[in-house]
Each structure stands twice: as structure tokens, then as C-alpha cells.
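2 protein chains.
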Amino acid sequence: MDKILDIDNIDLKIISLLNEDAKTPYTEIAKKVFVSSGTVHVRMKKLEDMGIVKSATLNIDFSKLGYDISAFLGIYLEKSSLYDTVIERLKEIAEVVSAYYTTGNYSIFAKIICRDTNHLRLVLDKIQKVDGIDRTETLIVLEESINRPIQFFDKEK
Amino acid sequence: MDKILDIDNIDLKIISLLNEDAKTPYTEIAKKVFVSSGTVHVRMKKLEDMGIVKSATLNIDFSKLGYDISAFLGIYLEKSSLYDTVIERLKEIAEVVSAYYTTGNYSIFAKIICRDTNHLRLVLDKIQKVDGIDRTETLIVLEESINRPIQFFDKEK
DNA sequence: CAATTAAATTAGATTTAATCTAAATAGTGT
DNA sequence: ACACTATTTAGATTAAATCTAATTTAATTG
Chain A
1 MDKILDIDNI DLKIISLLNE DAKTPYTEIA KKVFVSSGTV HVRMKKLEDM
51 GIVKSATLNI DFSKLGYDIS AFLGIYLEKS SLYDTVIERL KEIAEVVSAY
101 YTTGNYSIFA KIICRDTNHL RLVLDKIQKV DGIDRTETLI VLEESINRPI
151 QFFDKEK
Chain B
1 MDKILDIDNI DLKIISLLNE DAKTPYTEIA KKVFVSSGTV HVRMKKLEDM
51 GIVKSATLNI DFSKLGYDIS AFLGIYLEKS SLYDTVIERL KEIAEVVSAY
101 YTTGNYSIFA KIICRDTNHL RLVLDKIQKV DGIDRTETLI VLEESINRPI
151 QFFDKEK
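Residue numbers (UniProt numbering), protein chains in the order written: chain A, 1 to 157; chain B, 1 to 157.
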């Protein structure tokens, strides 16, 4: 009775394999899943049409590109009703890569990526100047120990 | 004097374009960057060899796959020297998608993705039972308002 | 500053994959 | 069992990836 029922193990297997390497040819996926490559196409088209697979992106080592510091920000708003307008302001700041509405003390929980400590300071300044933001707490990332996709295994029938 | 100097604007442009859609054919990238597709190949090979481009992954809407709840966890350890061993335990828990060593009060900051509140409870239980973990704080994600790659523009020469 | 060498880029040929179509197969409900 | 629908498949066509050799560009040195 759930839209999830439109998705079977073949779909999940295809997603899992492509999620490890999105550039794997469909012909190769087809062999591993024991269907024809046409079926892989049809299934992927379905998954894209359903909005389950939204896009494919590169996994980039930003530190090697000179973006050496990332940080999580706990943002406190003056009034929680300001959430939407503050999010719009944050969208305009290129260094903000994600922002969430979460339970807990913070009004907004965000992540930013910066080149160095100086750049970080500039970005924090910019964020603290946004109207409606009261104050922020910064968790600077010193090490990324895990970063991987979910793995869903074959759920037995 | 920096490894970053091996990377020019052509590389950055290629990365930017492919980061929006990793499945864009190199021939199309080539046109937009005004080089031949062979050059795009060579550059991407270089970027992969340098470890800057690590892989390509799908951007999946997990909620549509039945994974409806994600949460950030602030984890307190009994002793901070236990970091490495606890990370190894967390790696064994499939629902843990990322974990960081950060400044601030938490010893480990992690993210998990679960199907529903019941599944979340199971996973939190499992995590709280890991040897060395003192207690955890949970920030449940109620809305993802921003989630995007960094955009680096052409840094003028 | 010309000549030599090295590096990067390119066009073109070949291999491989994506995509499309029509036929075959498997499911569904009556 | 029959008709209807949806899914899968093989095969053909189109398009892209990959490789190679040649050219162009840039860098280096006498």
C-alpha cells in the first residue's frame, strides 16, 4: 500500500551498485543483476521519474582542492518564525552546503566548507550578519572518519 | 608551490560541470569548456590519479525509499583515547553514514539514516551499547532545506 | 632568439556503451 | 483458459568512450 512497494530487489541492487560507482556501464550492472541492459535502463528511468534517483555527483576530495576546513554550525534565531527567510539568505552564501531543521536547541543546523581559517572567519562573519540570526556555535571538523552511502541489503521477500 | 597549482580553471570547470551531473558525456563537457573531448579525458584521469575525484555516486531521495528519518548524533566518550576503536565499531553499523572528529563538546559527531522511529530507536540502542560510549545527544532532522555541492567559480588567474 | 626537447592537445579510428524498437514473455484479472 | 497489460529481451542504430599517432604549444638551453 506504499509507494515503496513499487521498488523491488532488482531496483535496490541496481541503486546499490550504481551508488558505489555511478559510472558503471549499464551492461555491467545488467550482468551482475542477471537481467538485460534494457531492463536496467527501464528501471533507472522509472527511478528517475519517481524522483528516487535525483542525479549523479562526483565525490570530491575538497581538501586536495584547497578547501581544507569544514564546520557544522548550530544557529540560534531571534524568532523561530524567521526560519524560511534565514534559509533564503543562507542559500546565497556559496560556502553553505547544507542546512537542516532539527530537534534540539538549534533553530538551524548547517554545514559549511572553507579554504582555510581566514576564509572560515569571513564566512562566519557573513553568517552572523544575517538578519534574524542571534548567535552560532561552531563545530570545526578536524577529521572525517566515516563518509559513505547507506547500504540496503536484499530484504528477503 | 602548492599541489593546488597543478589544477587550473579548465580542471575546475570540468569538475563543476560534472559535479552537477556526473553522467554528462565528456563530449558535451568538452564543448562547454572549449577543449577537445580527449583533453577532458586526460584531465579527468589526472584528477582521479591525484585522488581529487574519488568516485561518482547517485543522489538518492532516501525518504522515497522508506528511509524517512535521519539524525545527527553528538557522542560523548568515556575517554577520548577510545576514538579510533569506537569509530571501528560505528563502521560496522550500516545506518551510520558519517562520523567526524570535531571541536566542541562532542567526542564524535555522526549522522545516521533510518527507516522510521522504531528503526531509529533500535539503532540508537545499538550505538549506546558500544563500549566506550558514555552518552549521546540526538538531533533529529525534520527538514532538509539545503543540500548541494560547493560551487567554486573561476578564480581569476 | 633560434633550436631542441618536453608536454599538452587534438583529430580521427576503434571499441564499447546507450538508446530505441519491435517481438516475446510473464502476469493479472475475469 | 482467455484476453489484456505490463515487463523484459534481443537486436539494430546512434552516440560516447577510449586509444593512438600526429600536431600544436610551451618550456629550456646554448
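Glycine included, every Cβ here is placed at the ideal spot set by N, Cα and C.
{"Check": "Beta strand (DSSP E) segments (min. 3 residues) lying fully within the stretch 78-115 of chain A", "Outcome": "96-102, 108-114"}
{"Check": "Sequence-distant residues of its chain with Cβ nearer than 7 Å to tyrosine 26 of chain A (five each side left out)", "Outcome": "Ser37, Val40, His41"}
{"Check": "Contiguous beta strand (DSSP E) assignments of at least 3 residues, all confined to the stretch 4-76 of chain A", "Outcome": "53-60"}
{"Check": "Close-in-space but distant-in-sequence residues of the same chain around serine 107 of chain B (CB under 7 Å, 5 per side omitted)", "Outcome": "Ile75, Tyr76, Leu77, Ser80, Tyr83"}
{"Check": "Beta bridge counterpart(s) of threonine 138 of chain B as assigned by DSSP", "Outcome": "B:Leu73"}
{"Check": "Neighbourhood of arginine 115 of chain B by C-beta, 8 Å cutoff - its chain only, sequence neighbours within 5 removed", "Outcome": "Gly66, Tyr67, Asp68, Ile69"}
{"Check": "Nearest-angstrom Cβ-Cβ length linking alanine 56 of chain A and alanine 99 of chain B, presumed shorter than 8 Å", "Outcome": "Wrong, their Cβ atoms sit about 24 Å apart, outside the cutoff."}
{"Check": "Residues in the UniProt domain \"HTH asnC-type\" (7-68) of chain B having any Cβ partner in chain A nearer than 7 Å", "Outcome": "Ile7, Ile15, Leu18, Asn19, Asp21, Ala22, Lys23, Met50, Gly51, Ile52, Val53, Lys54, Ser55, Ala56, Thr57, Leu58, Asn59, Ile60, Asp61, Phe62, Lys64, Leu65, Gly66, Tyr67"}
{"Check": "Beta-carbon gap between isoleucine 52 of chain A and isoleucine 15 of chain A smaller than 9 Å", "Outcome": "yes"}
{"Check": "Where the alpha helix (DSSP H) containing lysine 129 of chain B begins and where it ends", "Outcome": "Element bounds for lysine 129 of chain B: n/a, residue is neither H nor E."}
{"Check": "Contacts of isoleucine 87 of chain A in chain B (Cβ-Cβ under 8 Å)", "Outcome": "Ser145, Ile146"}
{"Check": "CB-CB length for isoleucine 140 of chain A against alanine 94 of chain A, believed under 8 Å", "Outcome": "Contact flag wrong, Cβ pair sits at about 19 Å."}
{"Check": "Proximal chain B residues relative to residue 173 of chain A, where beta-carbon distance stays under 9 Å", "Outcome": "Lying outside 1 to 157, the shown extent of chain A, residue 173 of chain A is not represented and no answer is given."}
{"Check": "Exposure label - phenylalanine 109 of chain B; buried when at least 16 CB within 10 Å", "Outcome": "buried"}
{"Check": "Interface residues of the stretch 118-132 of chain B facing chain A [CB-CB below 9 Å]", "Outcome": "none"}
{"Check": "Same chain only: Cβ atoms within 7 Å of alanine 22 of chain B, ignoring 5 sequence neighbours per side", "Outcome": "Ala56"}
{"Check": "Of the residues A:Ile87, A:Asn19, A:Asp11, A:Asn9, the one placed nearest tyrosine 101 of chain A, counting alpha carbons only", "Outcome": "A:Ile87"}
{"Check": "Within-9 Å CB hit, threonine 103 of chain A to chain B", "Outcome": "yes"}
{"Check": "Closer than 9 Å at the beta carbon, the chain B residues around serine 107 of chain A", "Outcome": "The contacting residues do not exist; serine 107 of chain A stays about 11 Å from chain B at best."}
{"Check": "Listed by chain order, chain B residues near isoleucine 113 of chain A by CB distance under 7 Å", "Outcome": "Ile150"}
{"Check": "Whole-Å CB distance - isoleucine 113 of chain A paired with valine 97 of chain A, under 8 Å assumed", "Outcome": "6 Å"}
{"Check": "Aspartate 11 of chain B beta carbon less than 9 Å from that of leucine 47 of chain B", "Outcome": "yes"}
{"Check": "Contact with chain A by glutamate 137 of chain B, beta-carbon distance below 9 Å", "Outcome": "yes"}
{"Check": "Pair within 9 Å by beta-carbon distance, lysine 54 of chain B and asparagine 59 of chain A", "Outcome": "yes"}
{"Check": "Neighbour flag for valine 80 of chain B against chain A, beta carbons, 9 Å", "Outcome": "The question names valine, but residue 80 of chain B in the sequence shown is serine. Output row for serine 80 of chain B: interface = no."}
{"Check": "Residues near threonine 117 of chain A by beta carbon distance below 7 Å, same chain, minus five either side", "Outcome": "Ile69"}
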